[in-house]
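A.B. asks: One structure, as structure tokens, below. Some questions next.
In the working numbering, the protein residues as written are 11 to 120.
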């Protein structure tokens, strides 16, 4: 696994799976969002604090590839690197199966 600025282990819960007992694709988006929020808090800010300073952080675009599946009881490692392009913050985010290291999701969030 490459080096990242931030990573977070998240356990898959039963309500996050679909009828095939794999993580529903929308729940991967939730995991990416949780990771960005926790990253900001660890960096000493929060989305609420940014709003109070007049900054409204919103997602403009998400490019996502679903590579492998996770299932109930698995643990994922959600990782990110952040960079700035002008006024925009770009988050390169990846999710891995914590047990096997297999890539699960690759995303770029603007």
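We treat Cβ as the ideally placed atom computed from N, Cα and C, and that holds for glycine.
1. If you pair each beta-carbon of the region 14-21 with each one of the region 86-94, do three or more pairs fall below 8 Å?
2. Could you check the C-alpha separation between residue 103 and residue 78 for me, to the nearest Å?
3. Is the region 64-79 close to the region 103-118, with three or more CB pairs under 8 Å?
4. Tell me the rounded alpha-carbon separation between residue 44 and residue 63.
5. Buried or exposed, going by whether 16 or more other CB atoms sit within 10 Å of the CB of residue 42?
C.D. replies: The relevant details are as follows:
1. In short, these stretches touch, since the Cβ pair count reaches three.
2. Against the chain shown, residue 103 aligns to sequence position 93. Against the chain shown, residue 78 aligns to sequence position 68. Per the coordinates, the alpha-carbon of residue 103 lies some 15 Å from the alpha-carbon of residue 78.
3. yes
4. The residue given as residue 44 occupies position 34 in the chain shown. The residue given as residue 63 occupies position 53 in the chain shown. Spanning the two alpha carbons is a distance of roughly 21 Å.
5. The residue you call residue 42 lines up with position 32 of the chain shown. Buried is the call here.
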